[in-house]
């Protein structure tokens, strides 16, 4: 059964001494040059989710569960294109939707090749495509503070050529620290076209949290999910919008870290900051009659500010939110941390 309610998502994670999303030219971390804010594309987050579902949740082509957008080698050194991938499902869009969770989540353009007879009665392949708007859409992730790009140069383990003594040099760009925030919406109307279910959304949340945690490539190692919020609405065709803009980043002295990155010292750890949820909670209280449920997952190393109070750990935050009269019946802790 397709989802019936719209949702908003806010996801925060951080990286240390890593490159969360390199540009295609030099593989440098993506930076807004005017503000020194780190940018991570939605494509990178979707890749994280797809990889996790493929490697850890059984969406690998067996048991009628698969990922449509993935690299498949059909000959040594040759990767399938989208047309070839569609043929794996008999060029049947319905079959693709039933089997491929990433199409149900994110949509996509599916090239379809069918055989038709021409005027002479000869069969020819005719190409067309079907475009599905994904119910789950993310904006670009942005760091909540300015970042520094560090250039690292080192030696490789092997010589540049067989028989030579000199080793190869390795060059890379990293961020000592970046706390990144993604905002997204799950649209119930688009879900009708892709048959997105609540079970699919649960897999999405698992992929966001544990996919981030399980990235083990050299450039991505050290990423930790810190905060995940899903607000499910009761009212049709409605969401508050831009929930991420209502989270403030404070330093340990309680001073707000400037969002445009122009002020404040560079950060090095989640221990250098606190997340102020006061404005966010006030908005949720104000819109409580339009909200069905508020789902939350939290990393225990984060310090949260709620008004004048500080809460550290998932238990403390959930208890505090559950004691707010306007929200107490709507708070639901997620159990994603594995």
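Residue numbers (my numbering): 1013 to 1350.
Glycine included, C-beta positions come from ideal geometry on N, C-alpha and C.
For clarity, every value in this text was computed on a predicted model and none was experimentally measured.
Limits of the alpha helix (DSSP H) - the one that residue i falls within
i	result
residue 1157	It is not in any alpha helix (DSSP H) - residue 1157 instead sits in the beta strand (DSSP E) that spans 1153-1158.
residue 1095	1094-1099
residue 1065	1054-1068
residue 1118	1113-1118
residue 1218	1210-1225
residue 1204	1200-1206
residue 1296	1290-1298
With 16 other Cβ atoms within 10 Å as the buried cut-off, status of residue i
i	result
residue 1163	exposed
residue 1060	buried
residue 1026	buried
residue 1269	buried
residue 1147	buried
residue 1298	exposed
residue 1155	buried
residue 1064	buried
residue 1309	buried
residue 1023	buried
residue 1145	exposed
CB-CB length for residue i against residue j, believed under 8 Å
i	j	result
residue 1326	residue 1312	6 Å
residue 1105	residue 1142	5 Å
residue 1260	residue 1306	Not quite, the Cβ-Cβ distance comes to about 19 Å (not below 8 Å), so this is no contact.
residue 1187	residue 1159	5 Å
residue 1216	residue 1117	6 Å
First through last residue of the beta strand (DSSP E) which encompasses residue i
i	result
residue 1238	1236-1245
residue 1306	1303-1310
residue 1327	Counting along the chain, residue 1327 falls outside any beta strand (DSSP E), though it belongs to the alpha helix (DSSP H) covering 1326-1334.
residue 1085	1085-1087
residue 1316	1315-1318
residue 1345	1343-1345
residue 1016	Careful: residue 1016 lies outside any beta strand (DSSP E) and carries neither H nor E.
residue 1263	1260-1263
residue 1269	Unbroken run through residue 1269: none, as it is neither H nor E.
residue 1080	First-last for residue 1080: undefined, no H or E at that position.
residue 1150	1148-1150
Residue i - partner residues in DSSP beta bridges
i	result
residue 995	Examination of residue 995 is not possible in this model, given that the chain is present from 1013 through 1350 alone.
residue 1252	Paired residue(s): none; residue 1252 is not in a bridge.
Closer than 8 Å: residue i CB and nearest the ligand FMN heavy atom
i	result
residue 1194	What this structure holds is no ligand at all, so the ligand FMN is not there to describe.
CB contact below 9 Å: residue i versus chain B
i	result
residue 1257	This model lacks chain B altogether; it includes just one protein chain.
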